[in-house]
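Numbering (UniProt numbering), first residue to last: 1 to 664.
Quick reminder that beta carbons are idealized off the backbone N, C-alpha and C, glycines included.
I have placed the structure first, in the form of structure tokens, so that the comments after it can refer back to it.
Right, dumping it as structure tokens:
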């Protein structure tokens, strides 16, 4: 109600906005300033605009809305396009967002989205990387936070966590212009000024309270905290940092001069270790706009924390138990493999370990981890062959609450997140499903993961060691393994030789496994020969199983062929039975020599004795008589009387032919 020529005339303003939520906030703000002096109405583009619209004044929320509604407003109707500002009371929520973060900013229209981003940058939030989003625009991947100015209903589906900084309010200049149009400026200007000053006082009071809270927090943490301005002088220092630096007048000189007095030259480097009055202190620094923050930590406290961390990792099983000293070998091929692993450990690149089942691929992976810079961080192993394919994705990458039926409340972190800072061992990578291989490739490329059911991208710092007993090249040819993933994994390649190619390692390994079980068994020559000739399809793991079997079932200390597991022993053919008899009587080698001589020509016992002696083999006449009798009983020779002498039988010739150890 306004006085004109001593008459009371009711005047009105219609507020036009894009959405209903913004409309309610702007009308509420106008009523706070104007009260009942003017009738305030409102319409939104969402709710619908009549074909013809007029009033004493039309207040439009933005240029974009103006373009949308101008065709509906009667010619000659006064119009104000509002200038809007950020709701300062809600801005404190943005201070929690770390510098450099990628922020998805959600608003109703392209113009208002870009205008909000510009306002935030002008207010000092230019250290954030804003990604604009409005309905109809394709959502961008790779953002860390989501922020909206009072439009939570427009946040893309599936995003549960976001920061609402409130609807942009009318700028004070727009309020003054509106009051001037209605000749209310003289009446209402003081109230408008008082209200804005009151808001500033509230913000200042909150800032002071927050400053006191910050001081209280800094005084209670156990790290030294020091902040310097762009002039190099210390602006903030907590009690722990004061104890490190000592009794020095901090306000009278820049930080560089103070450090020089402590004997520290060249400035404080991030990650550097310095001597502060006899105490080793590690420095972490971070640039924050015009300020630099330094965190000071006592090295002895860090060592204690690392000790506790190792205990914690051990509780969760995320620790590498084996080192290079646990690799038992005397063979040249495996020794070269160990030397290669030592070189690879110094790098942080991806490793691919190839080897048959049971060769010790995880042992080598753990040894590499324990020789690397990541040795004090987690070692997380995952076996693709042992996890159902429908669970692999959630196990590796974790999931958000409600991602699927049965998902835990609050979600669950995945194995990649558990391995952050350390090593993840992807065993049996050849068994990974094709659809999962694409996600693994992206993780290796981007060093980022996204949980199942989530949109937030989580950066990870892990070293990947993959292993397989399968021929990946053949899998690629069969279309079962991605070629691009293969080349991403095959950066540093290690091949572990099978046990049958390093026979020299068999006895050292047997001895190692016996010591491990507290037994010392002797192995007969024949049994050891069979062990060394066995192909060992299960490699070192199978050998350990055999040693455990012998340590368990053997009562005496001598291992014979018959003591070995049944599947290792040759089938008892006639030849093997002859071998067994000759070996049992310890006449095997000499019997083979006699048979070889008789295969050349028949001869009597005396001639045999002479031939053996001439070849450097001494056998007593009694022993030779015993050997010939046994060979006759076994049907391998026929002893004749007179000058015909003794000759080898067809059975004897076949025995020599079948016997790869026959010698002349």
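Please list, in chain order, all residues of the same chain as residue i whose beta carbon is under 8 Å from its beta carbon, the five residues on each side excluded.
i: residue 598; result: 608, 637, 646, 647, 648, 652
i: residue 117; result: 105, 130, 132
i: residue 452; result: 393, 394, 397, 398, 399, 400, 403, 404
So the candidates are the options; which of them puts its Cα closest to the Cα of residue i?
i: residue 466; options: 553, 79, 440; result: 440
i: residue 585; options: 602, 624, 127, 548; result: 624
i: residue 99; options: 181, 332, 130, 300; result: 130
i: residue 659; options: 231, 397, 447, 595; result: 595
i: residue 47; options: 122, 133, 601, 21; result: 21
i: residue 78; options: 128, 11, 103, 115; result: 11
i: residue 57; options: 181, 382, 460; result: 181
i: residue 474; options: 274, 416, 430, 92; result: 430
i: residue 53; options: 38, 40, 70, 150; result: 70
i: residue 566; options: 549, 487, 437, 582; result: 549
i: residue 484; options: 619, 542, 437, 613; result: 437
i: residue 82; options: 93, 175, 463; result: 175
i: residue 611; options: 321, 256, 590, 630; result: 590
i: residue 35; options: 414, 618, 179; result: 179
i: residue 101; options: 93, 143, 177; result: 143
Once the 5 residues before and after residue i are set aside, which same chain residues still bring their CB inside 6 Å of it?
i: residue 534; result: 568
i: residue 134; result: 107, 109, 110, 113
i: residue 539; result: 356, 358, 359, 498, 499
i: residue 490; result: 352
i: residue 449; result: 397, 416, 443, 458, 460
i: residue 224; result: 240, 241, 244, 296
i: residue 385; result: 428, 431
Is it buried or exposed for residue i, if we count other Cβ within 10 angstroms and need 16 for buried?
i: residue 655; result: buried
i: residue 520; result: exposed
i: residue 169; result: buried
i: residue 138; result: exposed
i: residue 666; result: Residue 666 falls outside the range modelled here, since the chain spans only 1 to 664, and no answer is possible.
i: residue 95; result: exposed
i: residue 277; result: exposed
i: residue 127; result: exposed
i: residue 650; result: exposed
i: residue 7; result: With a pLDDT of 42 at residue 7, under the threshold of 50, the modelled position of that residue is not reliable, and the figure given next carries that caveat. Exposed, by the Cβ-count rule.
i: residue 76; result: exposed
i: residue 427; result: buried
i: residue 422; result: buried
i: residue 361; result: buried
i: residue 151; result: buried
i: residue 643; result: exposed
i: residue 616; result: exposed
i: residue 341; result: buried
i: residue 486; result: buried
i: residue 298; result: buried
i: residue 515; result: exposed
According to DSSP, is residue i part of a helix, a strand, or is it coil?
i: residue 275; result: strand
i: residue 552; result: helix
i: residue 233; result: coil
i: residue 667; result: Lying before the first or after the last residue shown, residue 667 is absent from the chain, which here runs from 1 to 664.
i: residue 92; result: helix
i: residue 508; result: helix
i: residue 464; result: strand
i: residue 280; result: strand
i: residue 688; result: Within the shown structure, residues of the chain are numbered from 1 to 664, placing residue 688 beyond reach of any answer.
i: residue 18; result: coil
i: residue 3; result: No answer about residue 3 holds up, because its pLDDT of 43 lies below 50 and its placement is not dependable.
i: residue 301; result: helix
i: residue 226; result: strand
i: residue 622; result: helix
i: residue 53; result: strand
i: residue 457; result: coil
i: residue 76; result: coil
i: residue 287; result: strand
i: residue 12; result: strand
i: residue 664; result: In this prediction, residue 664 has a pLDDT of 39, which is less than 50 and means its spatial position is unreliable; what the coordinates show is noted afterwards. In this structure, residue 664 counts as coil in the three-state DSSP scheme.
i: residue 41; result: strand
Below 7 Å CB to CB, which residues in the same chain sit around residue i once its five sequence neighbours on both sides are set aside?
i: residue 65; result: 16, 17, 18, 45
i: residue 27; result: 15, 40, 42
Taking only heavy atoms of the ligand HEM into account, decide whether any of them is closer than 7 Å to the Cβ of residue i.
i: residue 147; result: The ligand HEM is not part of this structure, which contains no ligands at all.
Segments of 4+ residues assigned as alpha helix (DSSP H) that fall wholly inside the stretch 568 to 614: 574 to 584, 588 to 600, 605 to 614
Length-filtered (4 minimum) alpha helix (DSSP H) runs lying within the stretch 110 to 139: 110 to 120
Those runs of the beta strand (DSSP E) which lie wholly inside the stretch 377 to 420 and span at least 3 residues: 379 to 383
Minimum length 3: unbroken beta strand (DSSP E) runs contained in the stretch 487 to 541: 492 to 495
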